[in-house]
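For reference, the structure discussed in these notes is given below.
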Amino acid sequence: MEPVFPINVKLNLSEGKKFYRYSCNEYTTIYGKVHRSELNKNFHVTLKRLEADRFEYHIEVFDRVHRDKELSLSEKDFLARVADINDDVVLITDEYGRLKHVQGLSILQDRAEKAVERLSRSYIGKKAEDIYQFLKTFYQNEKLVSQDFLKNIHFGMILHKFYGWYDKENLVTHKVRYSNFMDSTIIDINETVQTEAMRCDDELLLLQYTGNIPSEKNWEMFYGAMKRKEITYHSETDVPKLEKYKGQMLLDSTTKEVLEHKLTIEFSLGENYQKKIIYHIKEISHEEL
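To get the working numbering, take the position in the sequence shown, counting from 1, and add 69.
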């Protein structure tokens, strides 16, 4: 049936426990040669209502697999050990999934210190040292930790910014920052919900959205990265461009929990550099683990 506007997409659940499977596939094409990087992980989420407009998310990550032919086993192990810091994170949100604070941040800070101490015995060099310093600084700032959890590369695909009020005529736009379109670059994307694409029935609610690059800000970063990589481009005609940016969320129409979320991005800078990224998160049963 057609959705009845306005729609208030907010959490409406006393307590729930879900398992999810998350994947991120990246395809980088340089001069026609494709490199694939794949990250898969399963995680368990317990959602509990604390009071009228406050919810607790307990997130446990496990079975993390990073498939990347160009990374050594040592580097994959290093990334896994750094990622372990965020296991068993507890997040406090409002009824719209907006993050209020990270519960037990001191535990994360302690884990970061211990991880750095352990890793520094095995991994040396400037790159490793830079990561150690970043981790120490990062986990001292709750705002940075909170923002990080809301990015698509983490749990933002469940605690999503598109919770809220929707009217049929009004478009809702949010800005998202990405750092994985190209090395040492950042780019902002405006995401816009297409409310006319929303459909719901007695059990499910579908929300679709698209994105665009709002300005030429930070484009020099991309040109600099192309020069460092010695990738040929034509400055007059080649610009950072989104060939595709399409996402959709499937929610439980009663509880507004995310059941599945997929986002496909296709980016290019001329004929010699393209990037495709597919994020996918899906609720799974215990038997599927």
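Even for Gly, the Cβ is constructed at its ideal location relative to N, Cα and C.
Check	Outcome
Beta-carbon proximity of L116 to K79, cut-off 9 Å	no
Contact check, K237 vs Q277, beta carbons under 9 Å	no
Three-way DSSP call (helix, strand, coil) for E305 in this model	coil
9 Å Cβ cutoff met for Y96 and K344	yes
Which of helix, strand or coil DSSP assigns to L204	helix
For N111 and Y91, the rounded distance between their alpha carbons	6 Å
Nearest residue (CA-CA) to K166, options I76, P75 and R118	Inspection of the sequence shows that residue 166 is occupied by Gly rather than by Lys. Nearest option by C-alpha distance: R118.
Cβ-based burial, P309 [other Cβ within 10 Å; buried from 16]	buried
Those runs of the beta strand (DSSP E) which lie wholly inside the stretch 205-280 and span at least 3 residues	233-235, 242-247 and 256-262
Straight-line gap, F203 to M267 (C-alpha atoms, nearest Å)	41 Å
Y278 Cβ short of 8 Å to the ligand COA heavy atom set	Ligands are entirely absent from the displayed structure, and the ligand COA is therefore not among its contents.
Start-to-end residues for the alpha helix (DSSP H) that takes in V185	L174 to L188
Cβ contact check for the stretch 195-213 and the stretch 128-137: 3 or more pairs under 8 Å	no
Simplified DSSP assignment, three categories, for F88	strand
Cβ pair H303, G339 closer than 9 Å	yes
Best match in K220, H127, I258 and V159 for proximity to W288 [C-alpha to C-alpha]	I258
Alpha carbon of D179 to alpha carbon of T301, nearest angstrom	45 Å
Rounded C-alpha distance that separates Y192 from I350	32 Å
Rounded separation between E211 and T306 - CA only	42 Å
Beta strand (DSSP E) segment containing L26, residue limits	As shown, the chain starts at 70 and ends at 358. That puts residue 26 outside it, with no answer to give.
Backbone secondary structure at R136 - three-state DSSP	strand
Buried/exposed call for H229, threshold 16 Cβ in 10 Å	buried
Rounded straight-line distance, which links the Cα of L177 to that of E125	17 Å
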